[in-house]
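Asks:
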Amino acid sequence: MPDTHFYRYDDFDRTLLAERVEQFRDQVRRRLSGELTEEQFKPLRLTNGLYLQLHAYMLRIAIPYGTLSTRQLRKLAEIARKYDRGYGHFTTRQNLQLNWIKLEDAPDAVAALAEVDMHAIQTSGNVIRNTTADHFAGAAADEIEDPRIWCEIIRQWSTLHPEFSFLPRKFKIAVTGSPNDRAAVRVHDVGLRLWRNPEGQVGFEVIVGGGLGRTPIIGKTLRAFLPKDELLAYLESVLRVYNRYGRRDNIYKARIKILVHEIGVEKMREEVEAEFASTKDSALRLDPRTIEAIAGQFAAPPLPHRPATVGAVEALKIEDRVFALWLKSNTAPHRMAGYRIVTASLKPAGAPPGDASSAQMEGVADIADAYSWGEVRVSHEQNLVLPHVAVEDLPAVYAALGRLGFAEANVGKITDIIACPGLDYCALANARSIPVAQRISNHFANLARQHDIGDLKVKISGCINACGHHHVGHIGILGVDKNGVELYQISLGGDVDFGHTALGEIIGPAVGADEIVEAVDALVATYLERRGEGERFVDTYRRIGAEPFKERVYAAV
Amino acid sequence: MAKNLSGDLTVASANRLSDGVVVFLDDSGHWTPKLERAALARDKRAGEILLERAKAEAFSVVDPFLVSVSEDDDGTLEPLSLREKIRVGGLTFDAIAAEAVRYA
Numbered sequence: 000m001p002d003t004h005f006y007r008y009d010d011f012d013r014t015l016l017a018e019r020v021e022q023f024r025d026q027v028r029r030r031l032s033g034e035l036t037e038e039q040f041k042p043l044r045l046t047n048g049l050y051l052q053l054h055a056y057m058l059r060i061a062i063p064y065g066t067l068s069t070r071q072l073r074k075l076a077e078i079a080r081k082y083d084r085g086y087g088h089f090t091t092r093q094n095l096q097l098n099w100i101k102l103e104d105a106p107d108a109v110a111a112l113a114e115v116d117m118h119a120i121q122t123s124g125n126v127i128r129n130t131t132a133d134h135f136a137g138a139a140a141d142e143i144e145d146p147r148i149w150c151e152i153i154r155q156w157s158t159l160h161p162e163f164s165f166l167p168r169k170f171k172i173a174v175t176g177s178p179n180d181r182a183a184v185r186v187h188d189v190g191l192r193l194w195r196n197p198e199g200q201v202g203f204e205v206i207v208g209g210g211l212g213r214t215p216i217i218g219k220t221l222r223a224f225l226p227k228d229e230l231l232a233y234l235e236s237v238l239r240v241y242n243r244y245g246r247r248d249n250i251y252k253a254r255i256k257i258l259v260h261e262i263g264v265e266k267m268r269e270e271v272e273a274e275f276a277s278t279k280d281s282a283l284r285l286d287p288r289t290i291e292a293i294a295g296q297f298a299a300p301p302l303p304h305r306p307a308t309v310g311a312v313e314a315l316k317i318e319d320r321v322f323a324l325w326l327k328s329n330t331a332p333h334r335m336a337g338y339r340i341v342t343a344s345l346k347p348a349g350a351p352p353g354d355a356s357s358a359q360m361e362g363v364a365d366i367a368d369a370y371s372w373g374e375v376r377v378s379h380e381q382n383l384v385l386p387h388v389a390v391e392d393l394p395a396v397y398a399a400l401g402r403l404g405f406a407e408a409n410v411g412k413i414t415d416i417i418a419c420p421g422l423d424y425c426a427l428a429n430a431r432s433i434p435v436a437q438r439i440s441n442h443f444a445n446l447a448r449q450h451d452i453g454d455l456k457v458k459i460s461g462c463i464n465a466c467g468h469h470h471v472g473h474i475g476i477l478g479v480d481k482n483g484v485e486l487y488q489i490s491l492g493g494d495v496d497f498g499h500t501a502l503g504e505i506i507g508p509a510v511g512a513d514e515i516v517e518a519v520d521a522l523v524a525t526y527l528e529r530r531g532e533g534e535r536f537v538d539t540y541r542r543i544g545a546e547p548f549k550e551r552v553y554a555a556v
Numbered sequence: 000m001a002k003n004l005s006g007d008l009t010v011a012s013a014n015r016l017s018d019g020v021v022v023f024l025d026d027s028g029h030w031t032p033k034l035e036r037a038a039l040a041r042d043k044r045a046g047e048i049l050l051e052r053a054k055a056e057a058f059s060v061v062d063p064f065l066v067s068v069s070e071d072d073d074g075t076l077e078p079l080s081l082r083e084k085i086r087v088g089g090l091t092f093d094a095i096a097a098e099a100v101r102y103a
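Those protein sequence lines, which keep their order, are chains A and B.
Be aware that the first sequence starts at 0, since it is given in numbering that gives the first Met the number 0, and climbs by one per residue.
Be aware that the second sequence starts at 0, since it is given in numbering that gives the first Met the number 0, and climbs by one per residue.
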């Protein structure tokens, strides 16, 4: 199936990538021959997304706004099989990480990526990183506008932007076009939320200075309503102010969130607006024809009318209770009646969260070609999404995903855990994440129990850098190292929903690796005993506070 | 029984330049993936000398550094820290295989 429903590279994009691949090939050649030292080479490889981790090089591949064609997904599977160990890890920034790439193969791997208009540029370094979006974009029933159009405009503006190639620190942007935040926009350097004002115009709420990591901060609204054609001029102004005043003397204080925190949002606004006064009428003001041309590339697929209620689906719901649970948790309302958005859970019981083998990636591509217009999305919650599935095809999609191990009916439940790679892979980590996630997943594997517990977001990070978003987990787990022993700090009440965005509060001393499952079990037991009608875990926590949870946990461990 | 848990025993480690594989400097100045072949420094001064040697032999590796190890009575070396144990032993869980489909 052709890539017809999202942005297609033009000659400019392809030439740029081809040149970049050859440049990187030469850099690798010079490093291997000894012409370049590691000190000289390291910034060059990082600019191309190539990290050196504990046991191997890791290639972080950008998946712009989490959207993949099946052709691209098959190529990722092929690259993983040919140049890696045949699997990849989908991340909380909608990227794919290949953990066992050889330096000598890296140029061929990025050349293969370029064949399908993909790359790993700007997935590292102090630059504007891959812009992320709502993974239901272009399909969600609650969407105001497709945020990917704006992500693509940001991608074109930010790719190799000369002024912003040496920022004080990395810079992450997320965009949502829905009132339900599925892109965690309040915990990004800049979050953009499309909304309709009382006059009926659609524009952006610009949120700045959010972030997790060592100093978690919820972003603040810099501009309540920004006309869409002023987006790039405004972003350029934000970046200029950050580039000028952001700290470069201390890596831990270099993110924009620290700048906003130190000078205050009012001063930040004043500075940005002053800069904006000189940029808003520049070439950065977006021409409606440009917007229209890019929007045209994201035109929705011509979905034919399909029945909204299907007898066979209704019958299967009664016959197969697990299918009924799957429909409830793993499918979401589509903007068009007769369709659903399907989430393929990359979290079967006991599996490393977010990992998929080459065979599984190819399997998802086959399903997407047959049932979802050749489109796949990557969610920041480390699952894959089929955005346009007809209701009458749901039983077939469920069965096909089941054959891949991706039909676990657990999306949004306690085993749909976000976990960073942790100490098993990562050179920065202090403790393991994946084995902890696996043990919690196995402990709560019973689907009926999971659905009884209801929506509960568990997020695990192996260090304070918080790639596993533990600060915004209903239950957040942070791995720490104390005198060579792995311990896990628990926080409660984190959330990314609009209106409820909150950072979790640490409940007490960290618990041992062999106690963490018991601790989570104690938290869940407390919730089940104390929950009110219709309350999720996080609602009960907000109502009764941390104390009852804390008492139960420390009595249990 | 493990000896020298104070961290005085060290070996020199790095990642191999061409593929990132974890390697150790042996007594003949070659880099080997096998910890049991690593040259062992038994005190701080010997460790400093070992690290200097490792840096001098770093053409084919990246960023050599010292790893604290323990030594059993039979001479078996084991890193002291979990990080280094994982570097030597690999993942602590089963990664999925290329052709794996979990429940098929």
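Think of the CB as a built atom: it goes at the ideal place given N, C-alpha and C, for glycine as much as any other residue.
Every value quoted in this text rests on a predicted model; they were computed, and no experiment measured them.
How big is the Cα-Cα spacing for G503 (chain A) and C466 (chain A)?
Replies: Near 15 Å, if we compare the C-alpha coordinates of C466 (chain A) and G503 (chain A).
Asks: Write down the C-beta distance between L522 (chain A) and V552 (chain A) rounded to the nearest angstrom, noting that I regard them as a contact closer than 8 Å.
Replies: Sure, about 6 Å apart at Cβ, within 8 Å.
Asks: Quick one: residues in its chain with C-beta nearer than 6 Å to the C-beta of D9 (chain A), no 5 flanking neighbours on either side, listed in chain order?
Replies: Around D9 (chain A): no qualifying Cβ.
Asks: Leaving out five residues before and five after E235 (chain A) in sequence, what residues of the same chain have Cβ atoms less than 6 Å from its Cβ?
Replies: Once the five neighbours on either side are set aside, the close Cβ partners of E235 (chain A) are T278 and L283.
Asks: Out of B:G19, B:W30 and B:F92, point me to the one whose CA is closest to V10 (chain B)'s CA.
Replies: With distances taken between Cα atoms, V10 (chain B) lies closest to B:W30.
Asks: If you measure beta-carbon to beta-carbon, which residues of the segment 63-84 of chain A are closer than 8 Å to chain B?
Replies: Under the 8 Å Cβ criterion, the segment 63-84 of chain A contributes A79, R80 and R84.
Asks: Using CA atoms only, rank isn't needed, just tell me which of A:N179, A:L285, A:P394 and A:I439 is closest to V309 (chain A).
Replies: Ranking the options by Cα distance to V309 (chain A), first place goes to A:P394.
Asks: Taking 6 Å as the limit between beta carbons, can you name the residues of its chain near S157 (chain A), skipping five residues before and five after?
Replies: So the list reads I127, once near-sequence residues are dropped.
Asks: Kindly examine the ligand SAH and report whether one of its heavy atoms sits closer than 8 Å to the Cβ of L193 (chain A).
Replies: Absence of the ligand SAH is noted for the structure shown, with no ligands found whatsoever.
Asks: Of all the options A:K101, A:K169, A:Q449 and A:Y338, which has the alpha carbon lying nearest to the alpha carbon of Q241 (chain A)?
Replies: The identity of residue 241 (chain A) in the sequence shown is Tyr, whereas the question assumes Gln. For the residues A:K101, A:K169, A:Q449 and A:Y338, the minimum Cα distance to Y241 (chain A) belongs to A:K169.
Asks: Excluding five sequence neighbours on each side, which residues of the same chain lie with their C-beta closer than 8 Å to the C-beta of L77 (chain A)?
Replies: Correcting the residue type first, residue 77 (chain A) is Glu in the shown sequence and not Leu. Here the set comprises A111 and S357.
Asks: For W372 (chain A), name the three-state secondary structure that DSSP assigns.
Replies: In the structure shown, W372 (chain A) sits in coil (DSSP, three-state: anything other than H, G, I, E or B).
Asks: Please tell me whether E98 (chain B) has its Cβ less than 9 Å away from any Cβ of chain A.
Replies: True, the Cβ-Cβ gap to chain A drops below 9 Å.
Asks: Sort out for me which residues DSSP pairs E77 (chain B) with in a bridge.
Replies: E77 (chain B) is bridged to B:S69.
Asks: In terms of alpha-carbon separation, which member of A:T46, A:T175 and A:N179 lies closest to F497 (chain A)?
Replies: Of the candidates A:T46, A:T175 and A:N179, the one whose C-alpha sits nearest the C-alpha of F497 (chain A) is A:N179.
Asks: Assign F58 (chain B) to buried or exposed, taking buried as 16 or more other Cβ atoms, counted over all protein chains shown, within 10 Å of its Cβ.
Replies: Exposed is the call here.
Asks: Would you list, in chain order, the members of the segment 39-63 of chain B that have their beta-carbon closer than 7 Å to a beta-carbon of chain A?
Replies: So the list reads F58, V61 and D62, given in the order they occur along the chain.
Asks: In whole angstroms, what is the alpha-carbon distance linking L45 (chain A) and P63 (chain B)?
Replies: For L45 (chain A) and P63 (chain B), the distance between alpha carbons rounds to 19 Å.
Asks: Could you pull the DSSP bridge partners for W194 (chain A) from this structure?
Replies: Paired residues: A:G202.
Asks: Can you grab the Cα-Cα spacing for the pair V271 (chain A) / L221 (chain A), in whole Å?
Replies: Each residue's Cα considered, the two are about 9 Å apart.
Asks: Throw me the rounded Cβ distance for the R557 (chain A) and V390 (chain A) pair, which I believe falls under 8 Å.
Replies: Residue 557 (chain A) is absent from the structure shown; chain A starts at 0 and stops at 556.
Asks: Is the shortest distance between the beta-carbon of E23 (chain B) and the beta-carbons of chain A less than 9 Å?
Replies: According to the sequence provided, residue 23 (chain B) is Phe. The question's Glu does not apply to it. Not one chain A Cβ lies under 9 Å of F23 (chain B).
Asks: How big is the Cα-Cα spacing for Q334 (chain A) and D18 (chain B)?
Replies: Reading the sequence as shown, one finds Arg at residue 334 (chain A) and not Gln. Taking the straight line joining both Cα atoms gives about 47 Å.
Asks: For V264 (chain A), which residues of its own chain have a beta-carbon under 6 Å away from its beta-carbon, when the five flanking residues on both sides are left out?
Replies: Here the set comprises K219.
Asks: Identify, in the order they occur along the chain, each residue of the same chain with its Cβ nearer than 6 Å to the Cβ of R36 (chain B), setting aside the five sequence neighbours on each side.
Replies: Around R36 (chain B): D25.
Asks: Tell me, to the nearest whole angstrom, how far the beta carbon of T175 (chain A) is from that of V184 (chain A); I am working on the premise that it is less than 8 Å.
Replies: Contact flag correct, Cβ pair sits at about 5 Å.
Asks: Beta-carbon separation of G46 (chain B) and L65 (chain B) under 9 Å?
Replies: Going by C-beta atoms, G46 (chain B) is nearer than 9 Å to L65 (chain B).
Asks: Hey, does W99 (chain A) have any beta-carbon neighbour from chain B nearer than 9 Å?
Replies: Taking Cβ atoms only, chain B reaches closer than 9 Å to W99 (chain A), which makes this a yes.
Asks: Where does the unbroken beta strand (DSSP E) through M117 (chain A) begin, and where does it stop?
Replies: Per DSSP, M117 (chain A) belongs to no beta strand (DSSP E) and is neither H nor E.
Asks: Is the Cβ-Cβ distance between F163 (chain A) and A331 (chain A) less than 9 Å?
Replies: Cβ atoms of F163 (chain A) and A331 (chain A): not closer than 9 Å.
Asks: Just curious, the alpha helix (DSSP H) that S32 (chain A) is in, first and last residue?
Replies: First-last of the alpha helix (DSSP H) with S32 (chain A): D10 to S32.
Asks: Output yes if chain B places a C-beta closer than 9 Å to the C-beta of R19 (chain A); else output no.
Replies: Judged by the 9 Å Cβ criterion, R19 (chain A) is not in contact with chain B.
Asks: Need the endpoints of the beta strand (DSSP E) that D480 (chain A) sits in, please.
Replies: Run containing D480 (chain A): I474 to K481, per the beta strand (DSSP E) assignment.
Asks: So which residues of chain A does T91 (chain B) contact, with C-beta pairs closer than 8 Å?
Replies: By Cβ distance, chain A contributes D423, R431 and P434.
Asks: If you follow the beta strand (DSSP E) that R551 (chain A) is part of, which residue opens it and which one closes it?
Replies: Run containing R551 (chain A): none in the beta strand (DSSP E); it sits in the alpha helix (DSSP H), E546 to A555.
Asks: If you run the structure through DSSP and keep just helix, strand and coil, what is S460 (chain A)?
Replies: Reduced to three states, the DSSP call for S460 (chain A) is strand.
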